[in-house]
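There are 2 protein chains.
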Amino acid sequence: MNPNDLNERKLQILQAIIADFISTGEPVGSRSLSKSHDMGISPATIRNEMSDLEEMGYLTHPHTSAGRVPSDKAYRLYVDELMDTSQLDEADKQKIRTKLMESRNELDSTIEHAAELLSDMTNLTSFVLMPRKDESKLKYINFLPVDSNTVVLMIVAEDGQVMNRAIRLTSPYTEENLQLMSKVMTHNYMGKSISAVMAMDIIDSFTNDMESLSSLAADVVPSFLKTLEKMLNADLVMNGYSNIFSLPEFSGDMQKTQQFLRMLEDKNRLTDVIVNRDKGVMITIGDENSEDMKDLSLITADYRVNGELVGRLGVIGPTRMKYGKVTSVIKYISDNISQTFELKENNDIKEEIENDGSTEADS
Amino acid sequence: MNPNDLNERKLQILQAIIADFISTGEPVGSRSLSKSHDMGISPATIRNEMSDLEEMGYLTHPHTSAGRVPSDKAYRLYVDELMDTSQLDEADKQKIRTKLMESRNELDSTIEHAAELLSDMTNLTSFVLMPRKDESKLKYINFLPVDSNTVVLMIVAEDGQVMNRAIRLTSPYTEENLQLMSKVMTHNYMGKSISAVMAMDIIDSFTNDMESLSSLAADVVPSFLKTLEKMLNADLVMNGYSNIFSLPEFSGDMQKTQQFLRMLEDKNRLTDVIVNRDKGVMITIGDENSEDMKDLSLITADYRVNGELVGRLGVIGPTRMKYGKVTSVIKYISDNISQTFELKENNDIKEEIENDGSTEADS
DNA sequence: GTTAGCACTCAGGTGTTGAGAGTGCTAACA
DNA sequence: TGTTAGCACTCTCAACACCTGAGTGCTAAC
Numbered sequence: 001m002n003p004n005d006l007n008e009r010k011l012q013i014l015q016a017i018i019a020d021f022i023s024t025g026e027p028v029g030s031r032s033l034s035k036s037h038d039m040g041i042s043p044a045t046i047r048n049e050m051s052d053l054e055e056m057g058y059l060t061h062p063h064t065s066a067g068r069v070p071s072d073k074a075y076r077l078y079v080d081e082l083m084d085t086s087q088l089d090e091a092d093k094q095k096i097r098t099k100l101m102e103s104r105n106e107l108d109s110t111i112e113h114a115a116e117l118l119s120d121m122t123n124l125t126s127f128v129l130m131p132r133k134d135e136s137k138l139k140y141i142n143f144l145p146v147d148s149n150t151v152v153l154m155i156v157a158e159d160g161q162v163m164n165r166a167i168r169l170t171s172p173y174t175e176e177n178l179q180l181m182s183k184v185m186t187h188n189y190m191g192k193s194i195s196a197v198m199a200m201d202i203i204d205s206f207t208n209d210m211e212s213l214s215s216l217a218a219d220v221v222p223s224f225l226k227t228l229e230k231m232l233n234a235d236l237v238m239n240g241y242s243n244i245f246s247l248p249e250f251s252g253d254m255q256k257t258q259q260f261l262r263m264l265e266d267k268n269r270l271t272d273v274i275v276n277r278d279k280g281v282m283i284t285i286g287d288e289n290s291e292d293m294k295d296l297s298l299i300t301a302d303y304r305v306n307g308e309l310v311g312r313l314g315v316i317g318p319t320r321m322k323y324g325k326v327t328s329v330i331k332y333i334s335d336n337i338s339q340t341f342e343l344k345e346n347n348d349i350k351e352e353i354e355n356d357g358s359t360e361a362d363s
Numbered sequence: 364m365n366p367n368d369l370n371e372r373k374l375q376i377l378q379a380i381i382a383d384f385i386s387t388g389e390p391v392g393s394r395s396l397s398k399s400h401d402m403g404i405s406p407a408t409i410r411n412e413m414s415d416l417e418e419m420g421y422l423t424h425p426h427t428s429a430g431r432v433p434s435d436k437a438y439r440l441y442v443d444e445l446m447d448t449s450q451l452d453e454a455d456k457q458k459i460r461t462k463l464m465e466s467r468n469e470l471d472s473t474i475e476h477a478a479e480l481l482s483d484m485t486n487l488t489s490f491v492l493m494p495r496k497d498e499s500k501l502k503y504i505n506f507l508p509v510d511s512n513t514v515v516l517m518i519v520a521e522d523g524q525v526m527n528r529a530i531r532l533t534s535p536y537t538e539e540n541l542q543l544m545s546k547v548m549t550h551n552y553m554g555k556s557i558s559a560v561m562a563m564d565i566i567d568s569f570t571n572d573m574e575s576l577s578s579l580a581a582d583v584v585p586s587f588l589k590t591l592e593k594m595l596n597a598d599l600v601m602n603g604y605s606n607i608f609s610l611p612e613f614s615g616d617m618q619k620t621q622q623f624l625r626m627l628e629d630k631n632r633l634t635d636v637i638v639n640r641d642k643g644v645m646i647t648i649g650d651e652n653s654e655d656m657k658d659l660s661l662i663t664a665d666y667r668v669n670g671e672l673v674g675r676l677g678v679i680g681p682t683r684m685k686y687g688k689v690t691s692v693i694k695y696i697s698d699n700i701s702q703t704f705e706l707k708e709n710n711d712i713k714e715e716i717e718n719d720g721s722t723e724a725d726s
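Chains as they are written, first to last, in the numbering used here: chain A, 1 to 363; chain B, 364 to 726.
Structural data, given as structure tokens:
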């Protein structure tokens with residue numbers, strides 16, 4: 001359990017095995033290990049140490065005459081103690097900065113770009129959770145006429161989120177009713193959080209107090225609720241799901257591949273898993289995950305907008321992944337997003353370059 | 364070429380081969396054919412006919428001692444002349460109607476449901492193109508303040524489409540400037556189509572005429588253009604991409620599967636292909652498609668909203684698919700969407716059921 | 001024109017075999 | 001006492017041969 005169980009040499013051997021296995025995907029044997037990493041020790045000695053490591057649960061054996069493979073426990077140790085998380089060279093950093101800068105005025109595109117970068121640079125499947133809005137407060141509700149029996153519901157929240165949805169009415173409306181409806185709803189829900197509004201008994205308040213609106217309300221309220229729900233549901237953007245085909249652990253095994261893709265297709269489930277992870281950089285390996293991801297690893301990190309923790313991004317792939325590199329990439333990207341969307345006060349250095357001095361506006 | 368080249372018996376045999384192959388996926392031989400379809404003819408005779416059919420290009424041979432497989436030309440003949448497009452039983456129809464009814468007030472969810480239905484019932488990968496907006500005209504443009512350096516741009520079109528996007532400004536704004544900007548832009552672009560606005564020289568008009576807005580404009584206009592572009596880009600919803608794993612043509616062949624999934628991952632390309640298809644139900648088989656889809660078939664159909672052709676839906680899968688069934692499903696779904704979103708005047712029969720008479724509103 | 005018979009072909013499954021990589025154990029060594 | 005060489009043993013994997021079943025094409029008879 002305790003890494004202190006392992007003497008220096010065991011640690012060194014374990015690290016070498018993990019490094020070799022991560023880069024090749026093949027079980028590593030004592031002989032080849034003693035060749036590739038010159039550690040002044042014979043294969044036989046390595047075998048003895050390996051045998052110990054296996055007994056301690058750090059290594060496993062696919063079959064008698066195969067080399068050793070790191071266990072989830074070994075990866076855990078590696079991630080906690082051994083790996084190098086500063087594996088990004090300047091070129092990689094530059095690439096990330098450039099791509100994220102391209103769209104630095106718009107959160108949505110930035111986030112899409114982040115997902116692309118993430119899957120490109122790790123060669124894994126990446127995902128980004130769009131900003132969460134649980135506690136965002138409603139600002140106003142508006143109905144726009146479209147045609148004789150269609151209106152658009154528009155919900156605007158204080159944090160700038162706008163959500164809209166076309167609604168077909170079962171009975172005609174009047175302009176006045178529509179405006180009244182907008183006013184009443186805005187009045188009722190302004191400043192309240194989405195979840196608070198959803199908990200209210202909305203239909204009733206209309207049938208009781210505002211009879212002239214009750215027919216319109218009957219059409220509109222269900223859509224209103226659904227739209228609120230949609231605002232709550234964090235939107236998951238994914239990228240690079242076909243990357244797994246280039247990984248040996250999948251390319252031989254159709255069933256595994258299918259399982260993986262089916263798992264990804266269940267976005268709700270995946271969103272759930274991601275939402276419920278710890279803050280900060282979190283790495284879960286193999287059986288630390290739930291059953292259906294028990295031979296996958298998940299690495300996630302948060303990003304902030306205006307200093308507030310709003311979203312999460314990460315990758316999913318086989319337990320054999322380049323933890324060091326991947327973690328560095330994720331960290332760098334999430335930090336970069338957070339910085340880009342820092343409060344204005346804190347980053348007037350770079351931003352002002354674009355601004356050629358003709359500023360007239362002033363709040 | 365001409366199906367009239369084929370006498371009654373050849374047609375019958377061809378149809379039988381296609382039917383068998385579609386349902387099993389195995390090359391069909393003369394002997395097994397004479398067993399399964401009793402057509403009072405010996406295997407030897409069938410062999411002779413098959414040989415003729417092969418010479419005419421309707422059948423191929425994976426190798427000497429395998430059975431026959433229909434060619435793309437055979438499928439084309441089958442689709443044009445032989446297949447039965449009324450293969451939906453009442454249960455299927457019911458299922459479609461029910462699911463689409465669930466969300467009949469909201470176009471967006473209806474369309475998502477349509478994609479789900481389509482992939483479920485065909486066991487293929489389905490896609491639905493959201494309503495197209497090339498010619499929709501702008502109604503107004505609005506900017507909502509969010510925080511000291513973020514605003515939300517909101518574009519509303521006459522057809523009820525609303526698009527919004529958060530913009531971070533490089534310099535502060537004033538409420539007045541924001542409102543002025545909304546007014547000016549609304550005034551300039553109201554009633555113009557999206558494509559027309561995109562063709563205009565927007566930045567210039569601000570730097571010349573409205574100096575006080577030029578700094579704000581510099582921040583806002585690029586995002587405005589990007590947003591318009593996004594409104595133009597038809598949004599593609601896909602479903603059931605992992606269905607292909609259950610098909611024998613893929614489940615043996617990793618490379619083919621990978622190719623298929625990579626093709627699906629390039630949404631822009633796929634959208635392009637779908638947008639450029641003919642109106643109505645269109646079936647393209649194998650090499651009738653572009654190179655990268657040359658052993659796939661594509662079936663698409665349009666749906667209308669308020670009588671206007673707005674979107675398209677369909678499936679993609681191996682050339683061996685149940686053309687009759689699939690076509691029936693697609694047709695039924697697209698008709699159903701179109702009906703559900705018919706102009707109110709034409710479908711007051713069903714709709715009124717939900718409406719319990721307390722209608723007060725009246726246009 | 002249709003059919004039975006027959007020689008021929010080929011993919012795919014099964015069994016065998018040998019090479020290669022690896023382990024574990026033992027005995028000798030420093 | 002820890003380290004190492006040597007060796008027997010194990011297991012996978014690729015190659016090879018072989019067989020079977022399904023199918024074809026051709027020919028000759030009906």
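We treat Cβ as the ideally placed atom computed from N, Cα and C, and that holds for glycine.
Cβ atoms of Val329 (chain A) and Met121 (chain A): under 9 Å apart, would you say?
The Cβ atoms of Met121 (chain A) and Val329 (chain A) lie closer than 9 Å to each other.
Given Lys500 (chain B), which residues of its chain have a CB within under 7 Å of its CB, disregarding the five upstream and five downstream residues?
Ala520, Glu521, Gly554, Lys555 and Ser556
Does any residue of chain B have a CB that is nearer than 9 Å to the CB of Lys226 (chain A)?
yes
Taking the alpha-carbon positions, what's the Thr634 (chain B) to Asn164 (chain A) distance?
Linking Thr634 (chain B) to Asn164 (chain A) through their CA atoms gives a straight-line distance of about 24 Å.
Scan the segment 619-630 of chain B for residues whose Cβ lies nearer than 8 Å to a Cβ of chain A and list them as they occur along the chain.
Thr620, Gln621, Leu624, Arg625 and Glu628
Just mark Asp89 (chain A) as buried or exposed, buried being the case when its beta carbon has 16 or more other beta carbons within 10 Å.
exposed
Please decide whether Asp740 (chain B) counts as near chain A, where near means a Cβ-Cβ distance under 9 Å.
Within the shown structure, residues of chain B are numbered from 364 to 726, placing residue 740 (chain B) beyond reach of any answer.
Could one say the Cβ of Ser338 (chain A) lies closer than 9 Å to chain B's Cβ atoms, at least one of them?
Residue-level contact by beta carbon fails for Ser338 (chain A) and chain B, as no gap is shorter than 9 Å.
To the nearest angstrom, how far is it from the Cα of Asp302 (chain A) to the Cα of Leu124 (chain A)?
Asp302 (chain A) and Leu124 (chain A): Cα-Cα distance of roughly 18 Å.
With a threshold of 8 Å (Cβ to nearest heavy atom), would Ile17 (chain A) be considered close to the ligand ADP?
Absent from the structure shown: the ligand ADP. Ligands present: none.
Can you tell me where the alpha helix (DSSP H) with Tyr78 (chain A) in it begins and where it stops?
Here Tyr78 (chain A) belongs to no alpha helix (DSSP H), and DSSP marks it neither H nor E.
Beta-carbon spacing of Leu129 (chain A), Ile96 (chain A) below 9 Å:
Note that the C-beta distance between Leu129 (chain A) and Ile96 (chain A) is not below 9 Å.
Name the DSSP bridge partner or partners of Phe490 (chain B)?
B:Met601 and B:Gly677
Alpha carbon to alpha carbon, how far is Asp235 (chain A) from Asn188 (chain A)? Give it in angstroms, no decimals.
27 Å
Give the single residue among B:Glu465, B:Gly687, B:Ser575 and B:Ser399 whose Cα lies nearest to the Cα of Leu440 (chain B).
B:Gly687
Coarse secondary structure for Asp383 (chain B), derived from DSSP in three states
Correct three-state label for Asp383 (chain B): helix.
For the segment 521-554 of chain B, enumerate the residues whose C-beta is nearer than 9 Å to any C-beta of chain A, in chain order.
Glu521, Asp522, Gly523, Gln524, Val525, Met526, Asn527, Arg528, Ala529, Ile530, Arg531, Leu532, Thr533, Ser534, Pro535, Tyr536, Thr537, Glu538, Glu539, Asn540 and Leu541
Going by DSSP, what residue range makes up the beta strand (DSSP E) through Met526 (chain B)?
That run of the beta strand (DSSP E) goes Val525 to Arg531.
Sequence-distant residues of the same chain with beta carbon closer than 6 Å to Glu715 (chain B), five excluded per side
With a pLDDT of 38 at Glu715 (chain B), under the threshold of 50, the modelled position of this residue cannot be trusted; read the value that follows with caution. Same-chain partners within the cutoff: there are none.
Can you tell me whether Asn142 (chain A) is helix, strand or coil according to DSSP?
strand
Flag this pair as touching only if the segment 675-682 of chain B and the segment 457-473 of chain B have three or more C-beta atom pairs under 8 Å; answer yes or no.
no
I'd like to check one pair, Tyr536 (chain B) with Leu579 (chain B): are the Cβ atoms closer than 9 Å?
The answer is yes: Cβ separation under 9 Å.
Member of A:Thr64, A:Ala74, A:Val184 and A:Gly40 whose CA lies at the smallest distance from the CA of Ile17 (chain A):
A:Ala74
Using C-beta distances below 6 Å, list every residue in its chain close to Pro494 (chain B), excluding the 5 sequence neighbours before and after it, in chain order.
Val673 and Gly674
Are the C-beta of Met446 (chain B) and some C-beta of chain A separated by less than 9 Å?
Not closer than 9 Å to any Cβ of chain A, the Cβ of Met446 (chain B) fails to qualify, so no.
Proximal residues, the segment 488-503 of chain B versus chain A, C-beta separation under 7 Å
Within the segment 488-503 of chain B, no residue qualifies.
Enclosing beta strand (DSSP E) for Ser660 (chain B) [first to last residue]:
Leu659 to Val668
Pull up the distance between the alpha-carbon of Phe260 (chain A) and that of Ile285 (chain A), whole angstroms please.
16 Å
Put Glu715 (chain B) into one of helix, strand or coil per three-state DSSP.
Interpretation of Glu715 (chain B) is limited by its pLDDT of 38, a score under 50 that renders its predicted location unreliable; no figure is taken from the coordinates.
Consult DSSP for Pro70 (chain A) and reduce its assignment to one of helix, strand or coil.
The DSSP-derived three-state label of Pro70 (chain A) is strand.
Could you spell out the range, first to last residue, of the alpha helix (DSSP H) harbouring Val326 (chain A)?
Tyr323 to Thr340
With a cut-off of 8 Å on the beta carbons, I'd call Glu651 (chain B) and Asp447 (chain B) a contact; round off their distance for me.
With a beta-carbon spacing of about 22 Å, Glu651 (chain B) and Asp447 (chain B) fall beyond the 8 Å limit used to define contacts.
Closer than 7 Å, Cβ to any Cβ of chain B: which residues of the segment 281-294 of chain A, in chain order?
None of the residues of the segment 281-294 of chain A has a beta carbon lying less than 7 Å from any beta carbon of chain B.
Answer with buried or exposed for Ser334 (chain A), where buried requires no fewer than 16 other C-beta atoms within 10 angstroms of its C-beta.
buried
Test: Pro585 (chain B) CB closer than 9 Å to a CB of chain A:
yes
Extent of the continuous beta strand (DSSP E) run through Leu153 (chain A):
Thr150 to Ala157
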